[in-house]
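Residue numbers (the working numbering), protein chains in the order written: chain A, 1 to 847; chain B, 1001 to 1847.
For every residue, glycine included, the Cβ atom is placed at its ideal position computed from N, Cα and C.
Computed from a predicted structure; not experimentally measured.
Below: the structure, in C-alpha cells.
2 protein chains.
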Amino acid sequence: MKTSRYGHPDPVDRTRFPVDEWAWTETSHSTEDLGLTETVFAVANGYLGMRGNVEEGRDVHSHGTYINGFHETWQIRHAEEAFGFAQTGQTIVNVPDVKTIKLYVDDEPLMLAMADLEHYERRLDFRDGVLRRSLIWVTPSGKRVRIESQRMVSFEQRHLAVMTFEVTLLDVDAPVAISSQILNRQDGEGEYHLASAAAGEGMDPRKARKLTERVLEPQTHWSSERRTILSYRCANSGMTLAVAVDHEIATESDFEELSHAEADLGKKIYRIKGKVGQPIRISKVAAYHTSRGVPVRELVDRARRTLDRVRDDGVDECFAEQRRWLDRFWSDADVRVDTHPAIQQAIRWNLFQLAQATGRVEQSGVAAKGVSGSGYEGHYFWDTETYVLPFLSYTSPRVARGALRFRYLMLPAARRRAYDLSQLGALYPWRTINGEEASAYYAAGTAQYHINADIAFALCKYVQATGDDDFMLREGIDILVLTARLWSDLGFWLGQGEDRRFHLHGVTGPDEYTTVVNNNLFTNVMASDNLRQAARWARRLAESYPEGYARMCRRLDLVDDEVAEWSECAERMYFPYDEGLGIHPQDQHFLEREVWDLAATPDDKWPLLLHYHPLVIYRFQVLKQADVVAALFLQGQMFTMEQKRADFEYYDPITTGDSTLSSVVQSIVAAEVGHQRLAIGYFYAGLYVDLADLHGNASDGVHVASAGGVWNSLVYGFGGMRDHNGTLTFDPRLPAHWPSLEFGLRVRGHRISVELRCDRIEFTLGEVDAEAARVEGTSIDVIVRGERVTVRPGAPTVVALDGQGPVIERQLGSVPLVGNKDEHEMLHTAGVPVARPHRRKRGEAAS
Amino acid sequence: MKTSRYGHPDPVDRTRFPVDEWAWTETSHSTEDLGLTETVFAVANGYLGMRGNVEEGRDVHSHGTYINGFHETWQIRHAEEAFGFAQTGQTIVNVPDVKTIKLYVDDEPLMLAMADLEHYERRLDFRDGVLRRSLIWVTPSGKRVRIESQRMVSFEQRHLAVMTFEVTLLDVDAPVAISSQILNRQDGEGEYHLASAAAGEGMDPRKARKLTERVLEPQTHWSSERRTILSYRCANSGMTLAVAVDHEIATESDFEELSHAEADLGKKIYRIKGKVGQPIRISKVAAYHTSRGVPVRELVDRARRTLDRVRDDGVDECFAEQRRWLDRFWSDADVRVDTHPAIQQAIRWNLFQLAQATGRVEQSGVAAKGVSGSGYEGHYFWDTETYVLPFLSYTSPRVARGALRFRYLMLPAARRRAYDLSQLGALYPWRTINGEEASAYYAAGTAQYHINADIAFALCKYVQATGDDDFMLREGIDILVLTARLWSDLGFWLGQGEDRRFHLHGVTGPDEYTTVVNNNLFTNVMASDNLRQAARWARRLAESYPEGYARMCRRLDLVDDEVAEWSECAERMYFPYDEGLGIHPQDQHFLEREVWDLAATPDDKWPLLLHYHPLVIYRFQVLKQADVVAALFLQGQMFTMEQKRADFEYYDPITTGDSTLSSVVQSIVAAEVGHQRLAIGYFYAGLYVDLADLHGNASDGVHVASAGGVWNSLVYGFGGMRDHNGTLTFDPRLPAHWPSLEFGLRVRGHRISVELRCDRIEFTLGEVDAEAARVEGTSIDVIVRGERVTVRPGAPTVVALDGQGPVIERQLGSVPLVGNKDEHEMLHTAGVPVARPHRRKRGEAAS
C-alpha cells in the first residue's frame, strides 16, 4: 500500500485497463481484484447504486445494491458505557439484488472465473452512463456464444435500473436457459464486513458492520408472467422497500418461460431453443421505492407506475434519457486537460463518480462511499460539505441546495445532541444517516465539533456562489444561528484587555492522529468564520428582510446582544502561533510532543492506525491527514503567503496521508506555496485513490470526498481559484507539462468557461439566466493576480499571465505519486529530534 | 446520594442497626435495601464469598457466591475498534448457590417479606466470623416457630462454608419440611447487572456485565443420602469447579429425607413430624474447589476430602477454628478508639471486610469488591497496592507477600502488553483477572500507566516493612526492573543543561475526570520513585547478592548503563509547578481549563460521570478523586508543608469525591496540613461508604479500597505515621474528641503497639521473632516529631507530645460527613472564575 504510493505516475495496468478519455474499460476478467472492479464499475445515481458485480452472481467480493439513506438501526453496545455516548447505530442496508442473470447453454452454466473466453470487454461509459460487457464464450463442448449485456441506473428516473442481456449462438444451435433473479440475501454472504473481529483486517474501523439479525422482513411477494414484486420492512428502523422487476424477451427462437416469487426470491426463467445467429434479447427493468415508513402497498403502487412508464416508452428511451442527462452534466462539470488522455480519463472517472454519488440524492446526504459500497456504513460525514459541496455549488447548484436542506432538516436532532453535550445551539453528529450521532468513538467522532463550522462554511459558499438569499433567509440562517450559538457557548475567555482571547477546549480537528485538544487551529479558524458569517448574515437579513428576520429571532430566541457576542468571539478567537518556528501549531500544545520518525517507520506498519494503539499515536507529532494545511486552503484569506509556506513545510513531512482526504488538500496548498513536485504528486495520489487502489480499500466503495478533492485540486489548486470574499480570484499554477486546463463554473446564474494556458487565462460567459441577469447584471467581475477583470457575454476575455509565470515550473520529468523524498528531506525542520514509537532498544522479545 | 453525604455524622439508622462494638446487627428485615444488606452481611475469606442473601432464597437483590479469580472470558466487542484495544473480557462467575434453605410449616412457606415475625435479629459477629439470624415466626395459622441459623465461610479452611438451620415449634406440633438447595442459576436471575443498557442505572460503568450465554457447563452430578456433588466447566475460560455439600439432621422427631441431583440443581428435603419444643437442627457443609483447568474429577476428590475432614471433626470445631483465626487477626489488626462505640463498630466492620477480602487470597489478587459482589466484574486494580497493601504489610505480611507474588506471576502478560503499546519493559493491565488488560475504555484504563509505579511502590513498602530481601532478590526485582524500563522508554527529554527534564506524555492519573494528559503530577512523582527504587535496589542487590544479581541481569538483559539512566530519569523528572498560584498543576496544562462550579451543580447531576459526557467533564478543572493530593500522601517526602497546604486547598473545592477512593486520602492530607474539620469529615465519608451506602452502590459489593483507606486514615492520618525513608515517623493529629487511638504494627518481625493520647504517644514492643531479633536486633527506632526514639522490649516507651499539641484541635462539635461548607468557601481560590457546564443561558428546550 505504502510502496504503491511511491510508484510510477500512472499506476494503472494499461494492458488490462487501456486509456479511453470517456470510459473505464477492462479487457480481461480477474478474480484477484473483484472488490476493486466492483467499485470502479459500479453504476449509481446518488439514490440507487449497484456494485459492478458480474451478471452471473458468482465470483464476488461483495454483492451490493444500496439506496441512499435506506438503513437499519441497532443499539450500540459500548464495551464500557458512559453518559452521552452514541446510542443508535445506523447501517446502510444491502437491498435485494436484481443484477443476477445466469446463462446456461447445453445446461452448462457460464461461470466467468472458469469460462473459456475468446473475447472479453467491460466498459463503463461516462457519456451515456451505461456499463456494457461483451463476451464470446466457448462452452465446454466448444460452442461459441456471444453475450452482450448492459446495465444502467437511471439519472433521469431515480428509482429505475435497466439491464439488457443478449445471447447469440455463433456456431450451432443449442438449448439456452436464462435465469434472472431478484434475491434478498439474508445470510451475510459477502456483503457485510465484520467491524469488530479479533484482529487483522477485521479490525479496520473504516469498514462496515455485520448485522447478524435478519434486517429485511418480507412483507409481500407477487409475480405475473411479466412482473415480479417483493416488499420488505426493516426490523428496527421500520423503513419500507418495494422492488419490482419487469422482464421482456425478444427472440425469433421458440421459448417457454417460468415465473416464481417467494419471500426472499423472485425468479424468471426462459428456456429457448436457440438457433445460430438469432439473438435472444432479455430486458430487465427494475424499480426500487423506499420510505421511512409508508405502508408497502403504497410503495408497490409507486413501483408499478415506474415500470408501467418504461413499458410504455421502451427501454431504448431510458438509454436516450441517460445520455441527455449526462450531456447536461458534462457541459457543466467537465474539466479538460489536453494531450494527457490517461489523466483526462482518470479525471473524468472521478467527476463521473461525483455524478453517481450526488446526481439524484435529493432528500438525503452524500455518504462517504456514495451508494457504491458499504464502507463507513453509508454514513454522512463532513466530507460532503468540505470536499463535495464546492463542486456542486459551482456545477449543480440545485443538488448543492438539496444537500444543505438535508442538514436543515437535521437541525432538531442536532439541537438535542447539543443538549446532551451540555451546550446551547446545535451540534451536528460526526457521522449519521438519520440525524442521530452514530460515532461510537467520541475522541475521533463527536469531539470533531468542527463539523458545525464545515456545514456553515459550505452553506455560505453555496449562497455566495448562487446568490440564493432566499434559501438563506428561509432555512440557512437557522443553521448559522444555531451553530454559532454552540461555539459561543462552548468557548470561554482568557486574558485581559488586548490579550483577551476566546478559547475552544477539548475538541478534535480533522487529523484523527491527535484527539481532544485545546485550541485546534483548524477548529478555531473555522469556528471564527462560522461566528463571523452568522453575525454578518444576521445583520444583512435584518436590513434586507426585516420581517423574515424578526420571525427567525422569535423562533430561535435571538437577540442583538448575541449577534454582537458572535462578532467579538470571531474577532478575538485564539489562534495558536509559535514565534520561534514561525508556524501555527496544530493545537495549543502540539509542539510539545515528540516528532514521529516516519522515515524509520517500517513499511508493514502503515497505515499507523492499524498498527499502533491510539495512545501511542496521540503521543507524537504525526498526522493522519492535513489539518492546519486544510485551514490554509479553506480560510486562506486569514494567512500570509509566508505563514502558509512555513506551515506547509512543517507539517508535510509528518503527514502520513493515511486518510484519503489528505492528499488533495496537500496538493492545493503545495501548488499555492510553490512546491511544484509535491503538488502534482499529491494530485496523482488523489486522482488514483480508487483506480489504482492506493489505500487498499477501494473494495469498500468509491472515495467520494477524494473525487471531490480532485475537482478542488484542479480548480483551486492548479486553476488557482479562490472565493473567500465574494469575488472569484485566480492565481493560476498550471503544471508545466499541461498545455491547458479548462473548466466551467456556474456563478449566480451565469455560466463561465475558464481556459487556462501557461501564458494566459480566458473567460467566456455562456448562457445567462434572465432572472440572474436582472439581479446580477449581464457581466461578472473576477480578479486575476490582483487585477480586476470584467467578463462580458460574447467573445472570450483574455488575460495575459505576466513574466512571473505560473508558480509551477516547466521542467517536470517523471513525477512520483506522492511527493519527493529529497524535497521532503529538505523540508524536514533541521534539528527537531525525531523518535520512533516502535521498539528501538534492547531487542527483548515479548515473553 | 449527594445529600446523604452532607448528613448527620452518624448516618446509620440506629433503631434498626444498633451500636455493637464487635458486630453489625439488624433488628428488622426490610426489602427496601436488600442490595445493601446483602453486601454488609456478606461472609467471605478472600477466596470464597457469599452475599448476605436471606436463607429462604426469595427477597433478593442479587444472589451471589463468588470465588476469587474464578472467571469467564469473552471477546470484548468495541463499538469502534482500534489497534491494541483490550480483547479479552473477564468476568467473575456467580457460582452455584448453597445458601438456600427453605422452610415449610403446615406446608406454608416462610417468606420473610410477608412473614409475621415476633422476633427478628441478624448479626454478623466480627470476633467469631459467623452470621447468625434468629426469628420467631408466627405462621399464617398462628403457630409460633423459632428459627435460628448460622452461616460462615471458614478462614481456616478456605474451601469451606458451614451453615446450620435450627427450627423449634413453640406452641403445637406441626409437620415441618426443610428444603435445602444447591442451585446453579443460569437464567441471569438477579445475579448479574447489565452494563450496557440504554440509559439510566444500566449505563453505570461501575457495574458488572451480563453474560448472556451459558457460562457454567455442567460436567457431573452425583448424590447420596448425605452428600451431593456437582461439577462445572466455564465455557470459554475452561476453568473448572466442583461444589460438594453434606447435610446432617439432628432431631428427636420422626423424619424422612429425600436426595436429588441434576445438572444445575441438588436438593435435600427433610419431612419432619415436628414436636413442640424439640429442636430440628440441620447442618449444611459445603466445599468449593476450583482450578484453571484441572479435570473436574480431581476437584471432586478434593471436595470430598474437605467434607470428610469436617464430617470427622464436626462442625463445632469449624466454628472454634474460625474464632481462633480471628483472634489472631484482631490481635494484629485491631484499631481502638475509646468511648466512641459507634465509630469503633464501623472501624471494626471495615477491618473485618479487609480480613474477608484478603484473608485467604493466596494465589490471586484482591478484587475491588473482594468476593462480596460482582461490581467491577471481580477485577483487580491499583486499589490493592495503594489502599490495601499498606495495611497488609503492617498486619499480615504473609498475605501481602502473596498479593505481590501474584503481580510477579503476571509479568509475562504485562511484558506482552508493553509490547502491544510499543514500549519496552512491562505494563500492568489497568483491570484484570487473568493478567490480560480488560479495560475497554483506554482513556480511563490502559492510559493509567501509574499502575506500574503503584505496584513497585507497594512492593518496596512491603520489603521495607518486613525486611524480606529474599523476596526482592528472587522475584520482586523483576517487577522493579521491568516497570522502570517502561518508564525510561515511555518518557523523553526536553530542555538543555540544568533545565533538561524527563517528560511523560499521554497518560491518565488517578483522577478519571481528566484523561490522557502530559506530565500528570501523580504519575511523574510515582514514576520517579519507581525509577529511583529500581536503581537503588539494583545497586543494593549487586553489592549484597552478586550472584543472584548477575542471574537477574542475564534474565532481563540489564546493563549498568540502564541503571544509571533510571537514576537520571528519576532525578530529572519534570514536575509541573505553577509559581503564580504556588501549587502543582494536576498535569502540565490543567490550569488552562475552566473551573467547574460544583456549588452550582444541581443535586440530581451527581455523580458527574452519570450525567455529563466525558468530553464535557474533561474540559474543566474538576476531580473525580484526589490526584495531586494522593501524591502528597504517598510521596510526602518530596513536598514541603507549604506546598502540601497550597495544593490541598486548591484541589479540595474542585474534588467531587465521586470515587470512593478519594475521601480517605483527602482525610489524611487534610489532617497533615491542619484542616481539622475536613479531616474528620472525610474520615467519616470513608468510614460509612458502605454502612450508610453513601455512594448508592453498596449493593454491588464492599468498597474494599475504602476499607483499606479507613485503616490508612487512622494510622497515617490521625496517627500521623509515615514510612518514607525506612524509619517509621510519627506526627500525630488525634481528633480532639477522641481520648485515644491504639493500633498495632508488625515491623521487620517485631510487633509494636502504638497508643496515642492527646498528650503522649506510647510504643510497646511485643513478641519478637527469633530470626528477626538476629537480623534487626531486639529494639526498633522510630521518630516522633523529629526526635529519634528507641523502643525496647518490656515496659512501654512513652513520648510526651509537647505544647504544639496535636494539629487537630479540641473544640469539635457535630461534624458534617464531608468537609464543611464555610471551610470550603474559604478555601476557594479567590478570583478564579468558575463555570457551570450545564445549560445556563437562554432557556431553550431541546426541540
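Quick one: what does DSSP say S1753 (chain B) is sitting in, helix, strand or coil? The answer is strand: DSSP assigns S1753 (chain B) an E or B state.
Closer than 8 Å to chain A by CB, A1368 (chain B): Judged by the 8 Å Cβ criterion, A1368 (chain B) is not in contact with chain A.
If you measure between the beta carbons of Q278 (chain A) and E317 (chain A), is that distance less than 8 Å? No. Outside cutoff.
Using the Cα positions of V517 (chain A) and A1453 (chain B), report the straight-line distance between them to the nearest angstrom. V517 (chain A) and A1453 (chain B): Cα-Cα distance of roughly 27 Å.
Starting from E767 (chain A), trace the beta strand (DSSP E) both ways and give me its first and last residue. Per DSSP, E767 (chain A) belongs to the beta strand (DSSP E) from R760 to V768.
Run the CB neighbour count on M163 (chain A), radius 10 Å, all protein chains shown included, and call it buried at 16 or more, exposed below. Buried, because 16 or more other Cβ atoms sit within 10 Å of the Cβ of M163 (chain A).
Could you pull out every unbroken beta strand (DSSP E) segment of at least 3 residues lying fully inside the segment 483 to 564 of chain A, listed in chain order? At a cut-off of 3 residues, the continuous stretches assigned as beta strand (DSSP E) that sit fully inside the segment 483 to 564 of chain A are 492 to 494 and 501 to 503.
Proximal chain C residues relative to I1076 (chain B), where beta-carbon distance stays under 7 Å: Among the chains of the structure shown, chain C does not appear; the protein chains present are A and B.
Give a yes or no on whether 8 Å exceeds the smallest Cβ distance from T1446 (chain B) to chain A. Cβ-Cβ to chain A under 8 Å: yes for T1446 (chain B).
Go to P175 (chain A), then tell me how far its alpha helix (DSSP H) extends in each direction, as first and last residue. Element bounds for P175 (chain A): not the alpha helix (DSSP H) but the beta strand (DSSP E), A174 to L183.
Beta carbon of V1167 (chain B), beta carbon of I1280 (chain B): below 8 Å? Yes, they are a contact pair.
Assuming A1465 (chain B) and S1544 (chain B) make a contact with CB atoms under 8 Å, what is their CB distance in whole Å? Not quite, the Cβ-Cβ distance comes to about 19 Å (not below 8 Å), so this is no contact.
Residue from A:A261, A:D468 and A:R572 whose Cα sits closest to the Cα of Q496 (chain A): Taking only the C-alpha atoms, the option nearest Q496 (chain A) is A:R572.
Less than 6 Å between C-beta atoms, sequence neighbours within five positions excluded: which residues of the same chain meet that for K268 (chain A)? Cβ neighbours of K268 (chain A) within its own chain (closer than 6 Å, five residues either side excluded): S180, H247 and S259.
For Y1408 (chain B), which residues of its own chain have a beta-carbon under 8 Å away from its beta-carbon, when the five flanking residues on both sides are left out? Spatial neighbours of Y1408 (chain B) in its own chain (CB-CB distance under 8 Å, excluding positions within 5 residues in sequence) are listed in chain order as E1475, G1476, D1478 and I1479.
Min CB distance G1506 (chain B) to chain A below 8 Å: For G1506 (chain B), the nearest beta carbon of chain A is closer than 8 Å to its own beta carbon.
Going along chain A in order, which residues have a C-beta closer than 8 Å to the C-beta of L1609 (chain B)? What L1609 (chain B) touches in chain A: A82 and F83.
Between A355 (chain A) and chain B, is the shortest Cβ-Cβ distance under 8 Å, so that the two count as touching? Not an interface residue.
In whole angstroms, give me the CA-to-CA distance for V616 (chain A) and S1422 (chain B). Rounded to whole angstroms, V616 (chain A) to S1422 (chain B) spans 7 Å at the Cα level.
Contact set between R1593 (chain B) and chain A, taken where Cβ atoms lie within less than 7 Å: The contacting residues are H505.
Hey, how far is the Cα of Q1090 (chain B) from the Cα of Y1441 (chain B)? In a straight line, the C-alpha of Q1090 (chain B) is about 14 Å away from that of Y1441 (chain B).
Mind checking which residues open and close the beta strand (DSSP E) that includes T220 (chain A)? Under the DSSP assignment, T220 (chain A) falls in the beta strand (DSSP E) whose first and last residues are L216 to S223.
Whose C-beta lies closer than 7 Å to the C-beta of F1743 (chain B) among residues of the same chain, with five residues either side of it excluded? Hits under 7 Å: V1335, L1714, V1715, G1719 and V1754.
Which word fits H1119 (chain B), buried or exposed, when buried means at least 16 other C-beta atoms lie within 10 angstroms of its C-beta? Exposed is the call here.
Quick check: E1385 (chain B) and A1484 (chain B), are their CB atoms within less than 8 Å of each other? Going by C-beta atoms, E1385 (chain B) is not nearer than 8 Å to A1484 (chain B).
List the residues of chain B that A403 (chain A) touches, going by C-beta distances under 8 Å, in chain order. Those within 8 Å of A403 (chain A) in chain B number zero; the least Cβ separation is about 22 Å.
Report the rounded CA-to-CA distance for R1271 (chain B) versus H1063 (chain B), giving the unit in angstroms. Cα-Cα distance, rounded: 26 Å.
Note the first and the last residue of the continuous beta strand (DSSP E) segment covering G1049 (chain B). Run containing G1049 (chain B): L1048 to M1050, per the beta strand (DSSP E) assignment.
Collapsed DSSP secondary structure at I433 (chain A) in the structure displayed: Reduced to three states, the DSSP call for I433 (chain A) is coil.
Looking only at its own chain, which residues have a Cβ that is under 7 Å from the Cβ of V1093 (chain B), when we skip the five neighbours before and after it? Result list for V1093 (chain B): F1070, H1071, E1072, V1215, L1216 and C1234, in chain order.
What residues are listed by DSSP as bridge partners for I1229 (chain B)? Residue pairing by DSSP places I1229 (chain B) opposite B:W1222 and B:A1244 in a beta bridge.
P140 (chain A) by DSSP, collapsed to three states: which one? Annotated three-state conformation of P140 (chain A) is coil, per DSSP.
C-alpha distance - R1122 (chain B) paired with W1487 (chain B), whole-angstrom precision: Whole-angstrom Cα-Cα distance: 51 Å.
How many whole angstroms separate the CB atoms of D1731 (chain B) and Q1635 (chain B), which I take to be in contact at a CB cut-off of 8 Å? Not quite, the Cβ-Cβ distance comes to about 16 Å (not below 8 Å), so this is no contact.
Close beta carbons around H1824 (chain B), own chain, < 6 Å, minus the five adjacent residues each side: Low local confidence applies: a pLDDT of 48 at H1824 (chain B) is under 50, so the model's placement there is unreliable, and no value is given.
Can you give me the C-alpha to C-alpha distance between N1068 (chain B) and G1365 (chain B), rounded to a whole angstrom? Cα to Cα, the separation comes out at about 8 Å.
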